[in-house]
Amino acid sequence: MSTTSEVTVSPESVEVAGRTRTLTVVHHPQAGPSPVPIVLVFHGSMQTAAVIRSFTANTFDHIGAQSGAAVAYLDGHKKHWNDARIVNTSAARTDGADDVAFAKAAIDLLVRRYHGDSTQVRAVGFSNGGQMVIRLIHEMPTALAGAAVLSATQSVPENFAPDSPQQEPLPVMFLHGTRDPIVPYAGGMAKMYRLQPRGLGLSAQETAAYYAQRNGITAAPVTTPAGPPSAGPTRVDRTDYREPGHQPVTLYTVHEGGHTIPGPKTARPRIVLGRTDHTFDTAGAINDFFGFPAR
(Lines of atoms letter the chains of each structure in order from A and count residues from 1; the text may use other names and numbers.)
(Lines give C-alpha, C1' and ligand atoms only; values in the text may rest on other atoms or scores of the structure.)
Protein backbone atom coordinates (compact mmCIF):
# COMPACT_ATOMS: atom_id res chain seq x y z
CA MET A 1 0.00 0.00 0.00
CA SER A 2 1.29 3.48 -0.88
CA THR A 3 0.06 6.85 0.35
CA THR A 4 0.19 10.35 -1.08
CA SER A 5 -1.11 13.58 0.43
CA GLU A 6 -4.43 13.01 -1.36
CA VAL A 7 -5.02 9.30 -1.81
CA THR A 8 -4.05 5.85 -0.65
CA VAL A 9 -3.27 3.22 -3.29
CA SER A 10 -3.87 -0.41 -2.28
CA PRO A 11 -3.33 -3.63 -4.26
CA GLU A 12 -6.16 -6.13 -3.77
CA SER A 13 -7.24 -9.53 -5.06
CA VAL A 14 -10.40 -11.63 -5.16
CA GLU A 15 -11.08 -15.24 -6.08
CA VAL A 16 -13.42 -15.64 -9.05
CA ALA A 17 -14.30 -19.00 -10.62
CA GLY A 18 -11.04 -20.58 -9.49
CA ARG A 19 -8.85 -17.67 -10.59
CA THR A 20 -7.14 -15.02 -8.52
CA ARG A 21 -8.09 -11.66 -9.98
CA THR A 22 -6.27 -8.46 -9.08
CA LEU A 23 -7.19 -4.80 -8.82
CA THR A 24 -5.72 -1.55 -7.55
CA VAL A 25 -7.87 0.57 -5.25
CA VAL A 26 -7.36 4.31 -4.91
CA HIS A 27 -9.28 5.71 -1.96
CA HIS A 28 -9.56 8.82 0.16
CA PRO A 29 -9.10 7.97 3.84
CA GLN A 30 -10.37 11.37 4.95
CA ALA A 31 -13.83 10.70 3.46
CA GLY A 32 -15.50 10.04 6.84
CA PRO A 33 -17.91 7.35 8.06
CA SER A 34 -20.63 7.66 5.39
CA PRO A 35 -20.70 5.05 2.59
CA VAL A 36 -18.72 6.29 -0.42
CA PRO A 37 -19.35 5.92 -4.17
CA ILE A 38 -17.57 3.18 -6.10
CA VAL A 39 -15.94 3.69 -9.51
CA LEU A 40 -14.75 0.63 -11.47
CA VAL A 41 -12.19 1.36 -14.23
CA PHE A 42 -11.58 -1.16 -17.05
CA HIS A 43 -8.42 -0.76 -19.14
CA GLY A 44 -7.99 -1.31 -22.88
CA SER A 45 -6.50 -4.26 -24.78
CA MET A 46 -2.90 -5.09 -23.85
CA GLN A 47 -3.11 -2.79 -20.84
CA THR A 48 -3.28 -3.33 -17.08
CA ALA A 49 -4.57 -1.35 -14.12
CA ALA A 50 -1.14 0.24 -13.76
CA VAL A 51 -0.95 1.11 -17.46
CA ILE A 52 -4.30 2.89 -17.66
CA ARG A 53 -3.47 4.84 -14.49
CA SER A 54 -0.28 6.00 -16.17
CA PHE A 55 -2.04 6.48 -19.54
CA THR A 56 -4.46 8.92 -17.88
CA ALA A 57 -1.78 10.57 -15.69
CA ASN A 58 -3.67 9.32 -12.61
CA THR A 59 -6.49 11.79 -13.29
CA PHE A 60 -9.12 9.06 -12.93
CA ASP A 61 -7.95 8.63 -9.31
CA HIS A 62 -9.91 11.77 -8.52
CA ILE A 63 -13.28 10.91 -10.05
CA GLY A 64 -15.69 11.43 -7.17
CA ALA A 65 -12.88 12.71 -4.94
CA GLN A 66 -15.08 15.23 -3.15
CA SER A 67 -17.44 12.39 -2.28
CA GLY A 68 -14.53 10.21 -1.12
CA ALA A 69 -15.12 7.67 -3.89
CA ALA A 70 -13.17 4.42 -3.97
CA VAL A 71 -11.77 4.09 -7.50
CA ALA A 72 -10.85 0.51 -8.43
CA TYR A 73 -8.71 -0.25 -11.49
CA LEU A 74 -9.35 -3.87 -12.44
CA ASP A 75 -6.84 -6.12 -14.24
CA GLY A 76 -8.12 -8.11 -17.20
CA HIS A 77 -7.28 -11.77 -17.79
CA LYS A 78 -3.97 -11.76 -19.69
CA LYS A 79 -4.50 -8.02 -20.36
CA HIS A 80 -7.92 -8.44 -21.98
CA TRP A 81 -11.62 -8.59 -21.10
CA ASN A 82 -14.29 -11.13 -22.00
CA ASP A 83 -16.40 -8.33 -23.39
CA ALA A 84 -19.74 -7.87 -25.19
CA ARG A 85 -18.52 -8.87 -28.67
CA ILE A 86 -18.89 -12.35 -30.15
CA VAL A 87 -15.84 -11.65 -32.34
CA ASN A 88 -13.37 -11.63 -29.48
CA THR A 89 -10.53 -14.12 -29.77
CA SER A 90 -8.48 -12.95 -26.78
CA ALA A 91 -7.52 -15.33 -23.98
CA ALA A 92 -10.17 -13.71 -21.80
CA ARG A 93 -12.81 -15.25 -24.12
CA THR A 94 -11.07 -18.51 -25.04
CA ASP A 95 -10.14 -19.21 -21.38
CA GLY A 96 -13.68 -18.37 -20.26
CA ALA A 97 -12.80 -15.58 -17.85
CA ASP A 98 -15.97 -14.59 -15.98
CA ASP A 99 -15.44 -10.85 -15.94
CA VAL A 100 -19.03 -10.07 -14.97
CA ALA A 101 -18.49 -12.14 -11.82
CA PHE A 102 -15.17 -10.32 -11.31
CA ALA A 103 -16.96 -6.96 -11.41
CA LYS A 104 -19.47 -8.19 -8.84
CA ALA A 105 -16.69 -9.55 -6.61
CA ALA A 106 -14.83 -6.24 -6.84
CA ILE A 107 -17.96 -4.37 -5.76
CA ASP A 108 -18.41 -6.73 -2.81
CA LEU A 109 -14.79 -6.18 -1.74
CA LEU A 110 -15.13 -2.40 -1.98
CA VAL A 111 -18.31 -2.49 0.10
CA ARG A 112 -16.72 -4.67 2.79
CA ARG A 113 -13.25 -3.15 2.99
CA TYR A 114 -13.61 0.43 1.79
CA HIS A 115 -17.08 1.34 3.04
CA GLY A 116 -18.35 1.49 -0.54
CA ASP A 117 -21.99 2.19 -1.31
CA SER A 118 -23.43 -0.66 -3.39
CA THR A 119 -26.18 1.67 -4.69
CA GLN A 120 -23.63 4.16 -6.06
CA VAL A 121 -21.49 2.07 -8.42
CA ARG A 122 -20.25 3.58 -11.69
CA ALA A 123 -18.23 1.82 -14.40
CA VAL A 124 -15.70 3.45 -16.74
CA GLY A 125 -14.05 1.61 -19.63
CA PHE A 126 -11.66 2.40 -22.47
CA SER A 127 -11.63 0.43 -25.76
CA ASN A 128 -11.81 -3.30 -24.83
CA GLY A 129 -12.67 -2.05 -21.33
CA GLY A 130 -15.46 0.07 -22.83
CA GLN A 131 -16.81 -3.06 -24.49
CA MET A 132 -16.66 -4.73 -21.08
CA VAL A 133 -18.70 -1.91 -19.58
CA ILE A 134 -21.24 -2.36 -22.38
CA ARG A 135 -21.52 -6.00 -21.31
CA LEU A 136 -22.08 -4.95 -17.69
CA ILE A 137 -24.77 -2.48 -18.73
CA HIS A 138 -26.69 -5.32 -20.36
CA GLU A 139 -26.01 -8.11 -17.87
CA MET A 140 -26.00 -6.35 -14.48
CA PRO A 141 -27.59 -2.91 -15.01
CA THR A 142 -29.32 -2.85 -11.62
CA ALA A 143 -25.88 -3.03 -9.96
CA LEU A 144 -24.80 0.20 -11.70
CA ALA A 145 -25.74 3.83 -11.14
CA GLY A 146 -24.02 5.03 -14.32
CA ALA A 147 -21.43 4.22 -16.97
CA ALA A 148 -18.85 5.93 -19.17
CA VAL A 149 -17.67 4.27 -22.38
CA LEU A 150 -14.54 5.62 -24.09
CA SER A 151 -13.51 4.64 -27.63
CA ALA A 152 -15.99 1.76 -27.92
CA THR A 153 -19.33 1.40 -29.69
CA GLN A 154 -22.36 -0.85 -29.49
CA SER A 155 -21.93 -4.03 -31.54
CA VAL A 156 -24.42 -4.86 -34.27
CA PRO A 157 -26.93 -7.51 -33.05
CA GLU A 158 -25.16 -10.44 -34.72
CA ASN A 159 -21.90 -9.49 -32.95
CA PHE A 160 -23.44 -8.94 -29.52
CA ALA A 161 -22.58 -11.55 -26.87
CA PRO A 162 -25.29 -11.20 -24.17
CA ASP A 163 -28.09 -13.67 -24.99
CA SER A 164 -30.84 -11.95 -22.99
CA PRO A 165 -29.75 -8.35 -22.40
CA GLN A 166 -31.55 -6.53 -19.59
CA GLN A 167 -33.21 -3.24 -20.51
CA GLU A 168 -32.88 -1.30 -17.25
CA PRO A 169 -32.42 2.45 -18.03
CA LEU A 170 -29.02 3.82 -17.05
CA PRO A 171 -27.15 7.12 -17.44
CA VAL A 172 -24.42 6.55 -20.03
CA MET A 173 -21.68 8.85 -21.31
CA PHE A 174 -19.64 8.19 -24.46
CA LEU A 175 -16.46 9.73 -25.84
CA HIS A 176 -15.05 8.92 -29.28
CA GLY A 177 -12.58 10.38 -31.77
CA THR A 178 -13.62 10.87 -35.38
CA ARG A 179 -10.20 9.63 -36.55
CA ASP A 180 -10.12 6.54 -34.35
CA PRO A 181 -8.11 3.95 -36.35
CA ILE A 182 -9.19 1.00 -34.16
CA VAL A 183 -12.93 1.51 -33.59
CA PRO A 184 -14.38 3.58 -36.46
CA TYR A 185 -16.41 6.59 -35.34
CA ALA A 186 -18.67 6.09 -38.37
CA GLY A 187 -19.23 2.42 -37.55
CA GLY A 188 -18.10 -0.71 -39.34
CA MET A 189 -15.38 -3.26 -38.68
CA ALA A 190 -13.22 -2.68 -35.63
CA LYS A 191 -9.65 -3.90 -36.06
CA MET A 192 -6.68 -4.13 -33.74
CA TYR A 193 -4.07 -2.03 -35.57
CA ARG A 194 -6.00 -2.75 -38.81
CA LEU A 195 -5.01 -6.42 -38.72
CA GLN A 196 -7.21 -8.42 -36.32
CA PRO A 197 -10.97 -8.03 -36.97
CA ARG A 198 -12.97 -7.30 -33.82
CA GLY A 199 -16.42 -7.36 -35.40
CA LEU A 200 -18.95 -4.89 -36.72
CA GLY A 201 -20.18 -2.05 -34.57
CA LEU A 202 -22.60 0.84 -34.83
CA SER A 203 -21.33 4.37 -35.29
CA ALA A 204 -20.69 6.49 -32.20
CA GLN A 205 -23.80 8.54 -32.96
CA GLU A 206 -25.93 5.42 -33.51
CA THR A 207 -24.57 4.03 -30.25
CA ALA A 208 -25.66 7.09 -28.30
CA ALA A 209 -29.07 6.99 -30.00
CA TYR A 210 -29.41 3.28 -29.10
CA TYR A 211 -28.94 4.08 -25.40
CA ALA A 212 -31.23 7.10 -25.59
CA GLN A 213 -33.94 4.85 -27.02
CA ARG A 214 -33.15 2.25 -24.36
CA ASN A 215 -33.71 4.96 -21.74
CA GLY A 216 -37.02 5.95 -23.31
CA ILE A 217 -35.84 9.33 -24.60
CA THR A 218 -37.78 10.59 -27.63
CA ALA A 219 -36.58 14.22 -27.64
CA ALA A 220 -34.10 15.23 -30.33
CA PRO A 221 -30.45 15.47 -29.24
CA VAL A 222 -28.79 18.86 -28.76
CA THR A 223 -25.16 19.43 -29.79
CA THR A 224 -22.98 22.20 -28.34
CA PRO A 225 -19.22 22.92 -28.18
CA ALA A 226 -17.48 21.36 -25.18
CA GLY A 227 -14.38 22.46 -23.38
CA PRO A 228 -12.20 25.50 -24.10
CA PRO A 229 -11.43 26.56 -27.68
CA SER A 230 -8.56 24.58 -29.13
CA ALA A 231 -5.71 26.14 -31.09
CA GLY A 232 -4.75 22.71 -32.41
CA PRO A 233 -6.32 20.36 -34.94
CA THR A 234 -8.78 18.81 -32.48
CA ARG A 235 -11.98 20.13 -30.95
CA VAL A 236 -14.74 18.56 -28.87
CA ASP A 237 -18.53 18.71 -29.26
CA ARG A 238 -21.08 17.47 -26.75
CA THR A 239 -24.36 15.85 -27.84
CA ASP A 240 -26.97 15.50 -25.10
CA TYR A 241 -30.04 13.30 -25.08
CA ARG A 242 -32.23 14.68 -22.31
CA GLU A 243 -35.88 14.34 -21.37
CA PRO A 244 -37.54 14.86 -17.98
CA GLY A 245 -38.11 11.61 -16.14
CA HIS A 246 -35.54 9.67 -18.20
CA GLN A 247 -31.90 8.78 -17.61
CA PRO A 248 -29.54 10.96 -19.70
CA VAL A 249 -27.12 10.01 -22.46
CA THR A 250 -24.18 12.18 -23.56
CA LEU A 251 -21.76 11.72 -26.46
CA TYR A 252 -18.51 13.70 -26.61
CA THR A 253 -17.16 13.78 -30.16
CA VAL A 254 -13.45 14.53 -30.46
CA HIS A 255 -13.05 15.90 -33.98
CA GLU A 256 -9.76 14.69 -35.51
CA GLY A 257 -9.13 12.70 -32.31
CA GLY A 258 -7.78 9.16 -32.31
CA HIS A 259 -8.11 6.04 -30.14
CA THR A 260 -7.03 7.96 -27.05
CA ILE A 261 -8.29 9.53 -23.83
CA PRO A 262 -8.24 13.35 -23.97
CA GLY A 263 -6.80 15.24 -21.04
CA PRO A 264 -4.40 18.05 -20.22
CA LYS A 265 -1.98 15.65 -18.52
CA THR A 266 -2.60 12.36 -20.31
CA ALA A 267 0.35 10.53 -21.78
CA ARG A 268 1.00 10.77 -25.50
CA PRO A 269 0.13 7.39 -27.06
CA ARG A 270 1.83 5.70 -29.97
CA ILE A 271 1.33 7.61 -33.20
CA VAL A 272 -0.67 4.75 -34.73
CA LEU A 273 -3.50 5.52 -32.27
CA GLY A 274 -4.00 9.05 -33.59
CA ARG A 275 -4.17 12.48 -31.99
CA THR A 276 -4.95 13.25 -28.35
CA ASP A 277 -6.87 16.42 -27.46
CA HIS A 278 -5.11 18.12 -24.53
CA THR A 279 -7.70 20.85 -23.96
CA PHE A 280 -10.53 18.56 -22.84
CA ASP A 281 -10.65 17.00 -19.35
CA THR A 282 -12.17 13.52 -19.73
CA ALA A 283 -11.97 12.73 -16.00
CA GLY A 284 -13.70 16.02 -15.20
CA ALA A 285 -16.44 15.32 -17.77
CA ILE A 286 -17.01 11.86 -16.24
CA ASN A 287 -17.09 13.40 -12.77
CA ASP A 288 -19.71 15.92 -13.89
CA PHE A 289 -21.80 13.36 -15.76
CA PHE A 290 -21.94 11.08 -12.74
CA GLY A 291 -23.16 14.02 -10.66
CA PHE A 292 -20.24 14.08 -8.25
CA PRO A 293 -19.32 17.41 -6.58
CA ALA A 294 -16.72 19.43 -8.48
CA ARG A 295 -13.12 18.35 -7.93
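For the sequence shown, my numbering begins at 42 and goes up steadily by one.
Glycine included, C-beta positions come from ideal geometry on N, C-alpha and C.
Only a predicted model underlies this, so the values are computations on that prediction, with no experimental measurement involved.
Through-space distance from residue j to residue i, alpha-carbon basis
i	j	result
Ala90	Pro70	21 angstroms
His84	Leu115	7 angstroms
Tyr293	Ala189	11 angstroms
Thr49	Leu314	32 angstroms
Gly170	Leu177	11 angstroms
Asp318	Ser51	30 angstroms
Arg153	Phe143	15 angstroms
Gly325	Ala202	31 angstroms
Val213	Val197	18 angstroms
Ala147	Pro334	24 angstroms
Pro289	Ala267	17 angstroms
Thr248	Val112	26 angstroms
Asp149	Ala184	11 angstroms
Pro269	Thr100	18 angstroms
Of the residues the options, the one placed nearest residue i, counting alpha carbons only
i	options	result
Ser271	Pro262, Arg163, Val295	Val295
Ser168	Ser192, Ala146, Lys145	Ser192
Glu56	Leu211, His121, Ala110, Asp139	Asp139
Gly218	Ser108, Ala324, Ser244	Ser244
His121	Gly137, Phe330, Glu247, Glu199	Gly137
Asp278	Thr323, Asn129, Thr61	Thr323
Residue i in three-state terms, based on DSSP
i	result
Gly240	strand
Val80	strand
Leu211	coil
Pro266	strand
Gly170	helix
Gly325	helix
Assigned exposure category for residue i - 16 Cβ within 10 Å defines buried
i	result
Pro274	exposed
Gln195	buried
Gly257	exposed
Thr264	exposed
Pro303	buried
Ser95	exposed
Proximal residues to residue i (C-beta, below 7 angstroms), its chain only, five neighbours per side dropped
i	result
Asp158	Pro76, Val77, Pro78, Ile79
Ala132	His118, Lys119, His121
Gly59	none
Ile327	Ile104, Val165, Ala189, Met214
Beta-carbon contacts of residue i that lie in its chain and below 6 angstroms, excluding the five residues immediately before and after
i	result
Gln161	Pro78, Ala186
Thr280	Pro262, Thr264, Leu292
Any non-hydrogen atom of the ligand FAD closer than 6 angstroms to residue i Cβ
i	result
Asn256	Here there are no bound small molecules, and the ligand FAD is not part of this structure.
8 angstroms Cβ shell around residue i - same chain, five flanking residues per side excluded
i	result
Tyr251	Gln195, Leu243
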